[in-house]
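Take a look at the structure set out below.
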């Protein structure tokens, strides 16, 4: 509401206080407006190289007033690189295509093998071979299973016939491989079911989307026990990453969606060569309160690597020290990045640069043992973090308490003990990016599918996304892995007490052992 002249105070001190309050409020609104513009139109990167002002200017070719002639090309001399910048080696096939791929040869013979001079028979003196990467698109076929019957001519009870194989979908029209293809296309490559229906229609197979949804639900039913084992294995680890993200679920009674949650539990000891393999398990829940995460982590004790969400803090308080929180340094840095993008604050940039030095040390020691990482952190990172805390403490008293920069500083100081837990334990990561990376497949699938059709569909989503994305973490072909797992479970070749053999890391190790034995 606009301020009327007759409502203004006549006391100069009261008027001064009102002006200062309005100025502070206007500054908050200006920052909020710039933040919103940055969220919509700005870059998402938090890298320091994107934030600094001293970036290369736009090259305008001949229009540059100080343009100089380019250096003559010299293919014999190695290209010069700026000092201190190491270019990451590109991953590409140069010289030969992968040896594990099958070769299909086509021989191009000359039309005539007679000598054009004397008409004598030519003989082969060599050959030129070139290879290109080829593809055979997905081929739909009908798999016919024939079970012959054999009878005895001497008696009436001598009929013999092999039993029918168990099927993923009883009396259904889809093979295990086709169902796996649908599941992997949706949860590994984010292709919604309605698009898969259109693709199948292009090959002359007309199916309803509900049919494919039924296949997906049935696959999730078969894999639920394996999913629960994978979740229990992750939660049994002494260090667990945890995060949550919204999941819209259709509410038929209200003809709209309601916001539920996907919680992600992850483990990964690869950065320090620990025993825990990379794995993720998603849990569908109605909400994101403390009771939800407490129910999921019932009986857990150890280190929980999370962001600063209040539910995790309440969970730790309710367990009397059995759960120790390691907060995410990337979340703390992100708040200063947002301040710098909107206000160009020199202090925010200083904090980002200080944290960049800590991350540079982490990049150097990644892959070392926990003891080596801890020693390097205590020697090199601890002084940097102590100096950063001193600067934050010094600066916070000089700022307006409701400014965005003050909020970023207070967040870091209030979570300091959890943010610096990596200085006391070499197994702990500096951030929770491990689980945030595992949230990207959920976000991509949600973006393409918009929402889940029901709570049952969301639960199936959690089961199948956990299995498929863990396979991707181990660089497995999710189609081959899922097909084999489903065939083993459906046929009964793998019993319930042998399910651990089908976990992605154990399945991969078994295949590698077989390949080594055959070599």
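In the numbering used here, the protein residues as written are 10 to 528. Cβ coordinates follow ideal geometry from the N, Cα and C atoms, glycine included. In this text the structure is predicted, and so the values were computed from the model without any measurement.
- Taken in chain order, the unbroken stretches of alpha helix (DSSP H) that lie wholly in the segment 423-458 and span 4 residues or more are 425-428 and 442-458.
- When only Cα atoms are considered, residue 385 and residue 372 end up about 12 Å apart.
- The segment 291-303 makes contact with the segment 463-477: 3 or more CB pairs, one atom from each, lie closer than 8 Å.
- Judged by their CB atoms, residue 254 and residue 404 are not nearer to each other than the 7 Å cut-off.
- If you compare the alpha carbons of 501, 482, 412 and 491 with that of residue 39, the shortest gap goes to 412.
- Per DSSP, the continuous alpha helix (DSSP H) segment holding residue 196 begins and ends at 185-196.
- The beta carbons of residue 291 and residue 457 sit no closer together than 7 Å.
- Secondary structure of residue 461 (DSSP, three-state): strand.
- DSSP places residue 388 within a helical segment (H, G or I) once states are collapsed to three.
- Cβ-Cβ distances below 6 Å link residue 337 to 316, 440 and 441 in the same chain, with the five nearest sequence neighbours on each side left out; the list follows chain order.
- Counting the other Cβ atoms within 10 Å of the Cβ of residue 139 gives fewer than 16, which makes it exposed.
- In chain order, 331 place their CB closer than 6 Å to the CB of residue 310, counting only its own chain and leaving out the 5 sequence neighbours on each side.
- Following the DSSP letters along the chain, one finds residue 248 inside the beta strand (DSSP E) bounded by residues 248-260.
- DSSP places residue 141 in no beta strand (DSSP E); its state is neither H nor E.
- Note on geometry: alpha-carbon atoms of residue 450 and residue 380 lie some 33 Å from one another.
- In this chain, residue 266 is not harboured by any alpha helix (DSSP H); it is covered by the beta strand (DSSP E) spanning 265-276.
- By the neighbour-count criterion, in which a residue is buried when 16 or more other Cβ atoms sit within 10 angstroms of its Cβ, residue 427 is buried.
- Per DSSP, residue 356 is one residue of the alpha helix (DSSP H) stretching across 355-374.
- If you draw a straight line from the Cα of residue 236 to the Cα of residue 151, it comes to about 31 Å.
- If you draw a straight line from the Cα of residue 240 to the Cα of residue 146, it is about 35 Å long.
- Around the C-beta of residue 435, 16 or more other C-beta atoms lie within 10 Å, and the residue is accordingly described as buried.
- DSSP places residue 288 outside any alpha helix (DSSP H); the residue lies instead in the beta strand (DSSP E), whose first and last residues are 288-294.
- For residue 346, the uninterrupted alpha helix (DSSP H) segment begins and ends at 338-352.
- When the beta-carbon positions are compared, residue 252 and residue 273 come within less than 7 Å of each other.
- With a cutoff of 7 Å on beta-carbon distance, residue 299 and residue 325 are scored as not near each other.
- Less than 7 Å separates the beta-carbon of residue 421 from that of residue 401.
- Going by DSSP, residue 223 is part of no beta strand (DSSP E) but of the alpha helix (DSSP H) stretching over 218-244.
- Collapsing the DSSP output to three states places residue 159 in a strand.
- It is roughly 16 Å from the alpha-carbon of residue 201 to the alpha-carbon of residue 478.
- DSSP links residue 28 through a beta bridge to no other residue.
- Annotation for residue 519: 510 place their beta carbon closer than 8 Å to its own, counting only its chain and skipping 5 residues before and after.
- When secondary structure is reduced to three states using DSSP, residue 214 falls in the coil class, being assigned neither helix nor strand.
- The three-state secondary structure of residue 332, taken from DSSP, is strand.
- Excluding residues up to 5 positions away in sequence, 225, 226 and 229 lie with their Cβ nearer than 7 Å to the Cβ of residue 469 in the same chain.
- Taking a 10 Å sphere around the C-beta of residue 195, we find 16 or more other C-beta atoms and assign the residue as buried.
- The beta carbons of residue 367 and residue 393 sit closer together than 7 Å.
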